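Participant: Handing you a structure now.
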Amino acid sequence: MKILIKNIINACSKVIAFLLHKKFVKFISFLITSLNTQYIVKQLKSCGKNPNIMFPITTNELENISIGDNFSLCARARIETYSKHLDNKYTPEMIFGDNVNIGYDCHIGCVNKVIIGNNVLMASKIFITDHFHGDTSIDSLKLPPNDRKVTSKGSVIIEDNVWIGEGVAIMPNVTIGENSIIGANSVVTKDIPKNSVVAGNPARVIKNIDLEK
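Mapping of the sequence shown onto numbering that gives the first Met the number 0: residues 0 to 212, in sequence order.
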């Protein structure tokens with residue numbers, strides 16, 4: 000009996016060691032990502048080549064979203080469009096260009112239009128929205144936030160070759176010009192000229208990049 004128990008323990012130890020092996024864990028992670036990617040892309044409006052979408056993510060109305068080639072989305076993201084809230088209807092459009100890489104825990108919400116250009120790199124915990132719940136009127140503030148009318152002041156456009164740092168928030172009616180860098184924890188409330196480095200809350204230009212040098 001002791002020998003049998005010992006053999007069972009040894010066998011269990013080998014199974015556990017195999018399951019915890021880095022190569023096996025990496026394979027399972029790859030398999031889950033592949034399956035999740037296929038599940039998501041079938042629901043999109045359009046999809047380019049070589050998408051990579053990690054699990055888990057939260058989505059809503061994927062049929063309003065288009066992605067380009069080599070799109071990469073890390074886990075725990077929220078990518079959401081809304082065509083209706085309460086009795087109000089919207090026509091959302093979310094477009095990602097080629098070679099867009101989005102880090103962990105990012106949230107992008109759209110009821111109007113969000114356009115992200117080519118070669119855009121995002122760190123983690125980034126928030127991008129083209130809308131607000133209600134306004135600052137007394138009638139609006141008396142309502143629970145989720146019962147307030149969702150309104151958009153304008154679209155969000157992020158042009159090509161933009162790098163967005165950790166914890167950035169990008170508000171409605173904002174265009175970020177190409178080749179710009181958005182510093183960590185910045186809150187972008189106004190348009191950013193191209194070739195700029197910005198930081199702060201609210202974000203402001205701290206450096207203009209001369210590409211001719």
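Ideal Cβ positions, reconstructed from N, Cα and C, are used throughout, including at glycine. Please read these numbers as outputs of a predicted model, since none were measured by experiment.
Going by C-alpha distance, which of Asp159, Ile163, Ser123 and Thr128 is nearest cysteine 73?
Facilitator: Ser123
Participant: Buried or exposed for proline 171, please, with buried defined as at least 16 other CB atoms from any protein chain shown within 10 angstroms of its CB.
Facilitator: buried
Participant: Quick check: the Cα distance between proline 144 and glycine 176, rounded to an integer number of angstroms?
Facilitator: Proline 144 and glycine 176: Cα-Cα distance of roughly 32 Å.
Participant: Name the residue from His84, Ser71, Arg77 and Ile115 whose alpha carbon lies nearest to the alpha carbon of glutamate 92.
Facilitator: Ile115
Participant: Label asparagine 111 either buried or exposed according to how many other C-beta atoms from any shown protein chain fall within 10 Å of its C-beta, with 16 as the threshold for buried.
Facilitator: buried
Participant: Can you pull the DSSP bridge partners for lysine 48?
Facilitator: Bridge partners of lysine 48: none, in fact.
Participant: Alpha helix (DSSP H) containing isoleucine 137: first to last residue?
Facilitator: 137-140
Participant: Short check: CB of serine 213 to CB of glutamate 60, under 9 Å?
Facilitator: No answer is possible for residue 213: it lies beyond the span of the chain, which begins at 0 and ends at 212.
Participant: Hey, serine 185 and valine 167 are a contact pair by Cβ (cut 8 Å); roughly how many whole angstroms apart?
Facilitator: 5 Å
Participant: Measuring CA to CA, which of Glu62, Asn194, Arg147 and Ile31 is closest to isoleucine 137?
Facilitator: Arg147
Participant: What three-state label does DSSP hand lysine 83 in the structure shown?
Facilitator: strand
Participant: I need the straight-line Cα distance from isoleucine 213 to valine 113, nearest angstrom please.
Facilitator: The structure shown does not extend to residue 213, since the chain spans only 0 to 212, so no value can be given for it.
Participant: In whole angstroms, what is the alpha-carbon distance linking leucine 43 and asparagine 98?
Facilitator: Answer to the nearest angstrom: the Cα atoms are 17 Å apart.
Participant: With DSSP as the reference, label serine 33 as helix, strand or coil.
Facilitator: Reduced to three states, the DSSP call for serine 33 is helix.
Participant: Cutting at 6 Å between CB atoms, please list the residues of its own chain near isoleucine 180, excluding the five before and the five after it.
Facilitator: Counting only Cβ-Cβ distances below 6 Å, and skipping sequence neighbours, we find Trp162 and Val196.
Participant: Buried or exposed: which applies to alanine 76, given that a residue is buried once 16 or more other Cβ atoms fall within 10 Å of its Cβ?
Facilitator: buried
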